[in-house]
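Inspection log for the structure reproduced underneath, given as structure tokens.
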Amino acid sequence: LSTDALATVLSHHVVPGRVMSTQIPDLADSVAGYTLFFDTSDGVVVSGASVTQADIEATNGVVHVIDRVLLPPTVLDAVGLAGLTGLGGAVGAADPAVAALLDAPGDLTVLAPTNDAFAAVADVTAGLSTQELTDVLTYHVAGSRVTSDALPPLAPSLLVNPWGQPVSLLFAGGRVNGVDIVTTDIHTTNGVVHVVDSVLLPPTVVDHAVAAGLDGLLGAVGAASGDLGTTLSGAGPFTVFAPTNDAFDAIASTTATLTPDELRDVLLFHVLGGSAPVTSADLTTGGVPTLLGPNVEVDASVPTIGGAGVVTPDIHGTNGTVHVIDSVLLPPAEG
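Residues 19 to 353 in the numbering used here are what the sequence shown lists, from first letter to last.
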């Protein structure tokens, strides 16, 4: 080890403050900046090392003797040290590249499901191919280190959809994709881990609408004829212009008078087909054909879609892309 590396290892054996064996927390960050894992179910174990002699008091702290040297953990190490056996088993069953990624130098953000979360979807994961399981796990990883105080509204995962777009993760109010983050900021040498209480299955455009809380849109989809929810959960590709809840509230008196078929037509006017999803960078000024048939007018300079402003662009799913807009688009009158 270099002098700097040795200093880091030694610093990883020190926690700020005087912590007696009766005050041991579940997690604590060392002076080196990496997380230590404590287990007091049978004696005191710290990151896999047993405390053989505790509470040796000194003038400037307290010493606990342990039976092995503690090395700063990688994400893969942290999965084991945190007792996340469900995730560890899934990583072991997936493509070896996943374990290699979690153990290699880098800057990752990893959303690590609890054991209960994996147990809840055991019937689903049992039926997945190695590649499908690999995709699920890759969706839990973002390619930059983001702590809980800096989570963006939208982040790209390392999972890429068939059109080369990174499938999005949605963060809001201490949640990701609508599920709770139960433990934050487990610091490792190659990233930060946040523990979540559900397994994140790679989302379709419909799943993203659910996670984003677009209840007005989802209610309209449910009330329309033609089972649009199933259609938009298909292979795609779809580009969906998704009105906010306020946008639907603003025309509630209009939508209340629509038949299910008319409501379906309104919704299809918000969806583009084509050979690939349209990202904000792909938008060009002019008319773009919708799944309903008539064109919707795009002004790429602002941008606006049929006069509606884009609130949140480029929410990428497995089967397309969602752009949240601030108005409901009404198709042109026939004839």
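In this text, a Cβ means the ideal position worked out from N, Cα and C, and glycines have one as well.
So what's residue i in DSSP terms, helix, strand or just coil?
| i | result |
| --- | --- |
| Pro180 | coil |
| Asn313 | strand |
| Phe287 | coil |
| Glu75 | strand |
| Ser293 | coil |
| Ser166 | helix |
| Ser59 | coil |
| Ser298 | helix |
| Gly338 | strand |
| Asp141 | helix |
| Thr330 | strand |
| Leu88 | coil |
| Gly353 | With a pLDDT of only 48 at Gly353, under the threshold of 50, the placement of this residue in the model should not be trusted; the figure read from the coordinates follows. Coil at Gly353, not helix or strand. |
| Asp44 | coil |
| Pro307 | strand |
| Leu281 | helix |
| Gly219 | In the sequence under discussion, the amino acid at residue 219 is Leu, which differs from the Gly named in the question. Residue state, collapsed to three classes: coil. |
| Ala135 | helix |
| Ser147 | coil |
Alpha carbon to alpha carbon, how far is residue i from residue j?
| i | j | result |
| --- | --- | --- |
| Phe287 | Ser293 | 18 Å |
| Val214 | Ala173 | 16 Å |
| Ala135 | Gly101 | 13 Å |
| Leu88 | Ala111 | 28 Å |
| Ala168 | Leu276 | 43 Å |
| Thr40 | Val139 | 37 Å |
| Thr303 | Ala274 | 32 Å |
| Val49 | Thr206 | 13 Å |
| Asp332 | Asn195 | 15 Å |
| Ala260 | Arg36 | 53 Å |
| Val197 | Gly79 | 40 Å |
| Ile299 | Val340 | Checking the sequence, you will find Ala at residue 299 rather than Ile. When rounded, the distance between both Cα atoms is 13 Å. |
| Ala318 | Leu290 | 16 Å |
| Ala265 | Gly247 | 20 Å |
| Tyr52 | Val178 | 30 Å |
| Leu347 | Ala326 | 8 Å |
| Ala160 | Ser186 | 9 Å |
| Thr308 | Phe189 | 30 Å |
| Asp44 | Asp57 | 7 Å |
| Thr297 | Val320 | 14 Å |
| Ile74 | Thr26 | 23 Å |
Who are the Cβ neighbours of residue i in its own chain at under 8 Å, not counting the five residues just before and after it?
| i | result |
| --- | --- |
| Val116 | Val109, Thr152, Leu155, Thr156 |
| Thr322 | Val316, Val328 |
| Thr262 | Leu232, Gly234, Val329, Val342, Ile343, Asp344 |
| Val210 | Leu126, Thr127, Val128, Arg163, Val164, Thr165, Asp203, Ile204 |
| Gly353 | Confidence is the limiting factor: at Gly353 the pLDDT is only 48, short of 50, which leaves the residue's position unreliable, though a coordinate-based value still follows. Answer for Gly353: no residue qualifies. |
| Leu3 | One cannot answer for residue 3 here, as it falls past the ends of the chain, which runs 19 to 353. |
| Asn208 | Thr92, Val93, Leu120, Asp121, Ala122, Pro123, Gly124, Asp125, Leu126 |
| Val354 | The requested residue 354 is not part of the displayed model; the chain covers only 19 to 353. |
Mind checking which residues open and close the beta strand (DSSP E) that includes residue i?
| i | result |
| --- | --- |
| Ala25 | Not the beta strand (DSSP E): Ala25 falls in the alpha helix (DSSP H), residues 21-29. |
| His354 | Nothing can be reported for residue 354, as the shown portion of the chain is limited to 19 through 353. |
| Gly324 | Premise fails: Gly324 is in no beta strand (DSSP E) and is neither H nor E. |
| Leu99 | That residue, Leu99, is in no beta strand (DSSP E); its alpha helix (DSSP H) goes 93-99. |
| Ala130 | 126-131 |
| His260 | In the sequence on display, residue 260 carries Ala and not His. 256-261 is the span of the beta strand (DSSP E), which, as asked, contains Ala260. |
| Pro34 | Segment: none, Pro34 is in no beta strand (DSSP E) and carries neither H nor E. |
| Ala253 | Element bounds for Ala253: n/a, residue is neither H nor E. |
| Val197 | 197-206 |
Which residues in the same chain as residue i place their Cβ atom closer than 7 Å to its Cβ, once the five residues preceding and following it in sequence are excluded?
| i | result |
| --- | --- |
| Ser243 | Pro278, Asp279, Arg282 |
| Pro349 | Asp283, Val284, Phe287, Leu310, Pro312 |
| Leu94 | Ala117, Leu120, Asp121 |
| Asp225 | Gly335 |
| Ser18 | The structure shown does not extend to residue 18, since the chain is modelled only from 19 to 353, so the question has no answer here. |
In the DSSP assignment, the alpha helix (DSSP H) including residue i goes from what residue to what residue?
| i | result |
| --- | --- |
| Asp344 | First-last for Asp344: undefined, no H or E at that position. |
| Val224 | 223-229 |
| Val116 | 114-121 |
| Gly106 | 103-111 |
| Thr272 | 270-273 |
| Gly209 | No alpha helix (DSSP H) contains Gly209, which is instead part of the beta strand (DSSP E) from 209-214. |
| Leu246 | 246-249 |
| Gly234 | 233-241 |
Can you give the beta carbon distance from residue i to residue j, rounded, assuming they're within the 8 Å contact cut?
| i | j | result |
| --- | --- | --- |
| Thr148 | Asp113 | 6 Å |
| Pro220 | Thr257 | Not really, about 18 Å apart at Cβ, beyond 8 Å. |
| Val228 | Leu236 | 7 Å |
| Pro255 | Trp181 | 6 Å |
Please tell me whether, using a cut-off of 7 Å, the distance from the CB of residue i to the nearest non-hydrogen atom of the ligand ADP is below it.
| i | result |
| --- | --- |
| Val340 | The ligand ADP is absent from the structure shown, which contains no ligands of any kind. |
By Cβ distance below 6 Å, which residues in the same chain neighbour residue i in space, the five residues on each side in sequence not counted?
| i | result |
| --- | --- |
| Gly104 | Asn133, Phe136 |
| Gly192 | Ile199 |
| Thr222 | Ser251, Gly335, Thr336, Asn337 |
| Ser59 | none |
| Gly305 | Asn313, Glu315 |
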